[in-house]
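What follows is one structure encoded as structure tokens, with my remarks underneath.
Protein chains: 2
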Amino acid sequence: MEFQPFPQGVHPNTSEPAMEPMASEPSVPIGTAFADLLLQGPEHPSLWNDLTGMFRKAFRWRGADKRFTLSVYVMSVLQGLFPILDWWKTYNLKFFRSDLMAGLTLASLSIPQSIGYATLAKLDPQYGLYTSVVPPLVYAVTGSSREIAIGPVAIVSLLLSSMIQKIVDPSVDPAFYRKMVFTVTFLTGVFQFAFGLFRLGFLVDFLSHAAIVGFMGGAAIVIGLQQLKGLLGLSHFTNRTDVVSVTKAVWVSVHETWHPENVFIGCSFFMFILAMRFIGRKYKKLFWVSAIAPVLSVALSTLFVYATRADKHGVKIIQKVNSGINASSVEQIDLKGGYAAECAKIALVCAVIALTEAVAVGRSFSAINGYRLDGNKEMVAMGFMNIAGSLSSCYVATGSFSRTAVNFAAGCKTTVSNIIMAATVMVALELLTKLLYYTPVSILASIILSALPGLINVQEVCFLWKVDKMDFLTCMGSFLGVLFGSVEIGLSVALLVSFAKIIIQSIWPQVEILGRLQGTEIFCNVKQYPVVHETPTVLTVRIETSFLCFVNSSSIKEKIMGWVTDEREAFRSVVLDMSNVVNMDTSGLAALEELHKELACLGIQMAIAKPGWQVIHKMKLARLVDGIGEGWFFLTVGEAVEACLANKAGNALECC
Amino acid sequence: MEFQPFPQGVHPNTSEPAMEPMASEPSVPIGTAFADLLLQGPEHPSLWNDLTGMFRKAFRWRGADKRFTLSVYVMSVLQGLFPILDWWKTYNLKFFRSDLMAGLTLASLSIPQSIGYATLAKLDPQYGLYTSVVPPLVYAVTGSSREIAIGPVAIVSLLLSSMIQKIVDPSVDPAFYRKMVFTVTFLTGVFQFAFGLFRLGFLVDFLSHAAIVGFMGGAAIVIGLQQLKGLLGLSHFTNRTDVVSVTKAVWVSVHETWHPENVFIGCSFFMFILAMRFIGRKYKKLFWVSAIAPVLSVALSTLFVYATRADKHGVKIIQKVNSGINASSVEQIDLKGGYAAECAKIALVCAVIALTEAVAVGRSFSAINGYRLDGNKEMVAMGFMNIAGSLSSCYVATGSFSRTAVNFAAGCKTTVSNIIMAATVMVALELLTKLLYYTPVSILASIILSALPGLINVQEVCFLWKVDKMDFLTCMGSFLGVLFGSVEIGLSVALLVSFAKIIIQSIWPQVEILGRLQGTEIFCNVKQYPVVHETPTVLTVRIETSFLCFVNSSSIKEKIMGWVTDEREAFRSVVLDMSNVVNMDTSGLAALEELHKELACLGIQMAIAKPGWQVIHKMKLARLVDGIGEGWFFLTVGEAVEACLANKAGNALECC
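Order-wise, the sequence lines are chains A and B. Note that the UniProt record's numbering gives residue 69 to position 69 of the first sequence, counting from 1, and the numbers run on in steps of one. Note that the UniProt record's numbering gives residue 146 to position 146 of the second sequence, counting from 1, and the numbers run on in steps of one.
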């Protein structure tokens, strides 16, 4: 097909604007024949239908569809729950080779990170490793992202420790603290499962992207500050996470006894990891260098400490790490105790943050590989894996951004790489835990520190400032909230600013004067298009809010009345373009009714153009359609304006 | 001008629908010549301009307007502040006669009501009378409503007593309680003045009509229950206002000693007032009968008690009422004490509720008399009058609905009726307070009770249920909150439900498929107009939210992608009608960008029709206009569809 310079039906030679819009004979057949349809909108679905519809969708039940038998239903549900049933048939040796390499690379990064994040979560190192075993295995059969790497992550580890510490101090009663961790993990899984099942995925959107950027940045700095304990080899430290408390604690501790050997080991290996990462970035082929740098650091530093017996000179070491794979933790989950409500609150925050991170990670890599990820299915899988995890000594797992990037770079094909990784971690748990005895604590701090720069996104903050000041405010609110308050305060500030933004947007009186584009039936905002002409004697306005309600209806009415009374002589009719109004409440109805009455008092006719079906429905219920007159509802603004112009004689008829 | 059966430009004979929309040659000259204007929207006004604009408006300053000299400015400000400067020139004797009669009728109702409401506010009777002197006088020179009757009202009296009681118990330390009352009154005035000056009148709209209906109903029942104390002649009573506490307190007290004589007097005069009101309603000429019934009841019952010395047999009497007009209370206002913050909170609630009532009363009567009331000016006047009141021993005054109705029925012409009323009350304060010694307390209860039915609006509740279930929920929330919690709980519930309503409305994925009305350039919702035809291979959708933001953008994107992938073969282009979107945040931008990318992956072209200037502005900043391509932005949906149809060949060009 040849290229057309102008879209079909557009003739540049006829678009010459006529001098006077009224003079041009509008040749478009306006929908007069359909105007009677206007007032016969569809019935509003009942509340009951809305609710049952949600459940039907949740269970994918299509009711009376004949092609749809029970076995097909069961199979479709199973395939929905276990995507592995879809792809195992096409799995082959070539895929496995890729997945094996990716899985091994992933494991070499996972083992040191898991141990580090466990200390961040104030748990013994083995719990981090446990969390890299069961959740990845469960996700491998239930999840649909091919690239995501499952396991403990920094932000969720911080969230857990900072919030559960308020219930119990882990240094005082570690057994009870663990009990709380498993309970929170179980509830997190339940929430995530429920979100997915009932398609409440939109709840995750409540934390806007801007809020997340700020939160992540703040949390990264807080995590970094927490690492000062390990890096400086301090024994006493604050339980609080805000900058002020941590700085104070460091200041106090540094003036007591501390051992610079820890800093030396930590910083030198931190440099080593960063250098390796730089090489990995520069030469794409050597990406594995950055992936194995942490495990290499652990091995070298452990060897160094063992050889020099530096632990006798003040270098803090991990000491005993229990060997053996995950034990059951079923009996540790305590839903009946007095802390269930508190745990549920923490679990809700963890569930949302973990899902936000997992969905963001999954989506960004699925987009690269050109397939779509169903957010609700992902949530069900995440829920499954955290419930299973909580029963086998794991804490909350989710998709890690840094490890997913490594997995992807290593060429993973399916979730089998997660299985390989989990198997490798299991072997390590059985055989290598004894070797970790002499691993210095500061090396874990440096591994965590090296993962933080990825969480701070300055570029995005600049973008927010440039494009949307309110989003920038949300971002800074959550950033400063996390930094100077706590994670909960940061999240609350972000939520508050975000919702305030929606409400402010609804409040601002949104109404614009329209003018006709010369020679057409197109009516546009006169501010946006200065070339349009306002029709004399007819004030044409568009209500630019989708919900005409108590916060904006009276200011919109006032604004229109202001325009009318400012130039009272000029206008004989007012046309309201209601196309933008999707819904209205009784205050909106009252404002329209008052507007109609006040205009009638001034001898001005009111016409309504392009009302939506919900608006028509409510106006009918409130008898406002009769009040304004059925004849004054129009399908287009053009028709309404023409009718108003033709009505000059009728003005005197209506008056209050 | 002769009557035209069809509006100009509409030819019924040409509206015959063509069979195939594509086949008909669209003869309307589409605005191609103006399409380049689309991407050159006006600049976004800076934050600084927005703020200075608000102040300029507040002080009515028009800057460099030449006709506008300083003296004109001062005069216009003065006339704005003192509407009396406008109308005193045309005032005449005939007006005065009407106002005199209305003022005297009003006073006969005001005196007993003021005494009753003072007891409701837990103050001595004279404070109610004081409040009927200064505020009406101040309002008379500053207010612009001609009919409103100013003074103490039931709801605000209840609000004051129920909230200040939490600071100090009036039966324990009445002097300190009064101090708090005057402080709250002063701050209420300051808030009201500030609302009016800075044009924050919209803040009053935050309490939606539905919430007010529920709140008033609940408060009326609560006030009624409080009257049981006076009616039953009880000495001990609860300070709490909820139904459960009051019922318990009555139950306990009734089982101790009480005097049925009080009930007898109260009930018989309650019947008398109701009967008089019935007569007043039935015979419009006798409206004054209902207006003087309360004062008549007070006189008769006082005489009865004095004659029979019933106070010695258990009938509770008012006893001493201080004589003399308002004393200064300047030194009683305590803004430095520890309770200033608490007082400010109470004052904010009182200011909003008092303004809501005053503006509602003022507007409903100004509408009857056919003039417009400026809400902001009214707020300034209310602020003035409460500040002045607080300095002269008055508590919060506002417009009373029942007394305004009497004032109107008595034929008032201007605010001079309020002056007459205040003067009469002053005379009563000087001369008649001694006569009130024997007035039974139960008669005050019956006067308050008789004013309550007007506050309960069952008809309106039915209307809310019929038209808008969410508004009904708001109404019931505030009703039950006041009834079973407290006034603050009721108001909080109402606010919460109201704002939740706005947010829920924003969340719901609002996107509709459009179809072309055969033979026209009109595109409508296919659900609302089943006669329209969807264009084959082009999916035309309208985003029906005015703020594309984090809570709805991803679900809107998902919904569109769902439609596209459900019938992947069918669509080659997607046209987004963005006319409803007034603004968007960075999440909205990200969703559009993702949508464009995902569609490109499927080889589907995306076109954007009718974007608003703020949307264009932000899309430009985010470089999304370049991403989608300037050629894919259109002024109308019709153009976009034609361009998509013409583009069949170009599909293969773009792919991820």
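Where is the CB? At the ideal position from N, CA and C, for every residue including glycine. As the structure is a computational prediction, the values presented were derived from the model and not from experiment.
What three-state label does DSSP hand residue i in the structure shown?
| i | result |
| --- | --- |
| Q605(B) | strand |
| T69(A) | coil |
| L137(B) | helix |
| H533(B) | strand |
| T398(B) | strand |
| I560(B) | helix |
| I447(A) | helix |
| G375(A) | helix |
| S24(A) | Confidence in S24(A) is poor, its pLDDT being 36 and thus under 50, which makes the residue's placement unreliable; the coordinate value appears in the next sentence. S24(A): coil per DSSP, three-state reduction. |
| N651(A) | Legend: pLDDT at N651(A) = 48, less than 50; position of this residue unreliable, value from coordinates given subsequently. Reduced to three states, the DSSP call for N651(A) is helix. |
| G411(B) | coil |
| N262(A) | helix |
| Q8(B) | Bear in mind that a pLDDT of 38 at Q8(B), under 50, signals an unreliable position, so the number given afterwards is only what the model happens to contain. In the structure shown, Q8(B) sits in coil (DSSP, three-state: anything other than H, G, I, E or B). |
| E256(B) | coil |
What does the alpha-carbon distance come out to for the pair residue i and residue j?
| i | j | result |
| --- | --- | --- |
| V168(B) | L109(B) | 31 Å |
| I273(B) | L93(B) | 33 Å |
| I543(A) | L589(A) | 13 Å |
| F202(A) | L106(B) | 57 Å |
| A600(A) | A570(A) | 15 Å |
| M101(B) | K559(A) | 38 Å |
| S587(B) | F195(A) | 21 Å |
| K377(A) | G399(A) | 15 Å |
| N580(B) | S546(A) | 7 Å |
| M276(B) | R363(B) | 28 Å |
| A249(A) | V482(B) | 48 Å |
| V352(B) | V204(B) | 6 Å |
| I318(B) | I443(B) | 10 Å |
| A219(A) | V564(A) | 54 Å |
| V330(A) | R281(A) | 43 Å |
| I111(B) | L81(B) | 29 Å |
| K166(A) | W465(B) | 45 Å |
Residues of chain A with CB closer than 9 Å to the CB of residue i, please, in chain order.
| i | result |
| --- | --- |
| V551(B) | F202, D205, F206, S208, S498, F499, I502 |
| residue 657(B) | No answer is possible for residue 657(B): the residues shown for chain B start at 1 and end at 656. |
| M561(B) | R372 |
Going by the DSSP bridge assignment, what does residue i pair with across the sheet?
| i | result |
| --- | --- |
| V574(A) | L539(A), M606(A) |
| M584(A) | L548(A) |
| P440(A) | I317(A) |
| L514(A) | N525(A) |
| F634(A) | A609(A) |
| G151(A) | T398(A) |
Could you list which residues in chain B have their beta carbon closer than 8 Å to that of residue i, in chain order?
| i | result |
| --- | --- |
| M470(A) | D585 |
For residue i, which residues in chain A fall below 8 Å Cβ to Cβ?
| i | result |
| --- | --- |
| T537(B) | Correct list: empty, because the minimum Cβ distance to chain A is about 13 Å. |
| W613(B) | N525, K527, Q528 |
| L464(B) | T586 |
Counting C-beta neighbours from all protein chains within 10 Å, is the total for residue i 16 or more, i.e. buried, or is it exposed?
| i | result |
| --- | --- |
| P21(B) | Summary for P21(B): the model assigns pLDDT 37, below 50, so the residue's position carries little reliability, and this model does not support an answer. |
| P136(B) | buried |
| M75(B) | exposed |
| G631(B) | exposed |
| W88(B) | exposed |
| residue 669(B) | Coverage of chain B is limited to positions 1 through 656, which leaves residue 669(B) absent and any answer about it impossible. |
| L429(A) | buried |
| I387(B) | buried |
Along chain B, in chain order, which residues have C-beta atoms closer than 7 Å to that of residue i?
| i | result |
| --- | --- |
| A570(A) | Result: empty, since nearest Cβ-Cβ is about 18 Å, beyond 7 Å. |
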